[in-house]
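Note that our numbering gives residue 55 to position 63 of the sequence shown, counting from 1, and the numbers run on in steps of one.
Every residue gets a Cβ at the ideal spot worked out from N, C-alpha and C, and that includes glycine.
Read through the structure below, which is laid out as structure tokens, and then see the notes.
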Amino acid sequence: MTAPERAPLGAALAMLLTLVSLTGPASPVLMAVIIGALALLAGIGWPNLLELPSALGTRIVIATVGIVGAAVAVSASERFAPVSGIVMICAAGVFAAFVQQMLRTDRRELTSSLTGTVAGVFLSGTAACWVIAQVEAVQLGREGLVASITAGLAATLLLNLAPLPPTLRFVISLVAGTGITALLATSLAGTALPFAIGAGLLTAIGAGCTQLLVGSSLVSKEPLPSLAVGAVPVATIGVVAQLAVTLIP
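Have a look at this one:
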């Protein structure tokens, strides 16, 4: 069963981020709340997606890293950069993953369980980049750039649900996601067209490929829907949003 058959949640989450990014001074706090909820969804669904043992411990570690990361990103002081805070939280999450595995009474699939939990830690920690991007966008008056990326992300994930042949579906979602991001970035944020297209391509390719990967049988043979399939593509694009806000002139 492929991602388009399993994960309409991603498009809905991306649309919600689009609305939140345009709420003005309150948007960083609201973004942190949404990303915390996204980390919780990813944590709940991650063990089922990767078919990991010791699901409860894995869920607690992954969700905690994501929620704490979002809180740190929105409340970082001048004493340390928010990115540094996220790195430290991810490091603590890796340590917590090792402790969780050491405390398990059932030793089955220990290596795969540890590897899967650590991967989930970095995923939920990286999602906090959305909050960092929104904080910087409000400070720089570039909220429109974040909104354009989230809108392109929503279009990519939504069109990747279309009942079309896989290749055609991917191409259409790629073109639409790139086009919408570029159009909104130039009109809302005044971004130069080449930079807008570049941000759109990174968003559409990253989201489309991630959605197809986590929803494919290469990751899990379980045919039931997983919350992680919808949350993972949204979480990964936070890095693109942060780089766009920081680096695009």
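Is it buried or exposed, P186, if we count other Cβ atoms within 10 angstroms and call 16 or more buried? Within the sequence shown, numbered from 1, the residue matching residue 186 stands at position 194. With fewer than 16 Cβ atoms within 10 Å of its Cβ, P186 is classed as exposed.
Mind checking S116: buried by the 16 CB within 10 Å criterion, or exposed? One-based indexing of the sequence shown puts residue 116 at position 124. Looking at its Cβ environment, which holds 16 or more other Cβ atoms inside 10 Å, S116 is buried.
Near P45, what residues of its chain come up, given a Cβ to Cβ distance below 7 Å and the 5 sequence neighbours on each side ignored? The sequence position of residue 45 within the sequence shown is 53, counting from 1. Excluding sequence neighbours, P45 sits near D98, R100, E101, S105.
According to DSSP, is V231 helix, strand or coil? Residue mapping note: residue 231 aligns to position 239 of the sequence shown, counting from 1. The answer is helix: DSSP assigns V231 an H, G or I state.
Compare the beta carbon distance of V123 and A65 with 7 Å and say whether it is the shorter of the two. Position 131 of the sequence shown, counting from 1, holds the residue named residue 123. Position 73 of the sequence shown, counting from 1, holds the residue named residue 65. Yes, the pair counts as a contact, with Cβ atoms nearer than the cut-off.
Helix, strand or coil for G37 per DSSP? In the sequence shown, the residue the question calls residue 37 occupies position 45. Helix.
Nearest residue (CA-CA) to A199, options A143, A31, L137, I59: Taking the sequence shown and counting its residues from 1, one reaches residue 199 at position 207. With distances taken between Cα atoms, A199 lies closest to A143.
Rounded to whole angstroms, how far is the Cβ of A220 from the Cβ of L32, which I believe are closer than 8 Å? Indexing the sequence shown from 1 puts residue 220 at position 228. Indexing the sequence shown from 1 puts residue 32 at position 40. Not really, about 11 Å apart at Cβ, beyond 8 Å.
Do you know how far the Cα of A55 is from the Cα of P74? Your numbering for residue 74 matches position 82 in the sequence shown. Your numbering for residue 55 matches position 63 in the sequence shown. Roughly 19 Å between the two C-alpha positions.
Go through the stretch 22 to 88 residue by residue and report every complete run of the alpha helix (DSSP H) that reaches 4 residues or more, in order. 47 to 67
Give the list of continuous alpha helix (DSSP H) stretches no shorter than 4 residues that lie fully inside the stretch 85 to 141. DSSP runs (the alpha helix (DSSP H)) wholly in the stretch 85 to 141: 102 to 118, 121 to 132.
Report back the beta-carbon spacing between V113 and V86 to the nearest angstrom; my notes put them in contact at under 8 Å. Position 121 of the sequence shown holds residue 113. Position 94 of the sequence shown holds residue 86. V113 to V86, Cβ: 6 Å. Contact.
From T228, P241, A233, pick the residue whose C-alpha is nearest to that of A34; which is it? Residue mapping note: residue 34 aligns to position 42 of the sequence shown, counting from 1. Ranking T228, P241, A233 by Cα distance to A34 puts T228 first.
Going straight from the alpha carbon of I27 to that of A120, what length do you get? The residue you call residue 27 lines up with position 35 of the sequence shown. The residue you call residue 120 lines up with position 128 of the sequence shown. Approximately 7 Å between the Cα atoms of the pair.
What are the boundary residues of the alpha helix (DSSP H) that includes P186? Here residue 186 corresponds to residue number 194 of the sequence shown, with the count starting at 1. 185 to 206 is the extent of the alpha helix (DSSP H) around P186.
Leaving out five residues before and five after L156 in sequence, what residues of the same chain have Cβ atoms less than 8 Å from its Cβ? Taking the sequence shown and counting its residues from 1, the one referred to as residue 156 is at position 164. Within the same chain, L156 has close Cβ partners I164.
Quick one: residues in its chain with C-beta nearer than 6 Å to the C-beta of L150, no 5 flanking neighbours on either side, listed in chain order? Here residue 150 is taken as the residue at index 158 of the sequence shown, counted from 1. Only A3 meet the Cβ criterion.
Buried or exposed, going by whether 16 or more other CB atoms sit within 10 Å of the CB of M23? Stepping through the sequence shown from its first residue, residue 23 is reached at position 31. That one is buried.
I172 - containing alpha helix (DSSP H), residue span: Within the sequence shown, residue 172 is the residue found at index 180, counting from 1. 158 to 180 is the span of the alpha helix (DSSP H), which, as asked, contains I172.
Are at least three pairs of beta-carbons, each pair with one atom in the stretch 74 to 83 and one in the stretch 133 to 147, less than 8 Å apart? no
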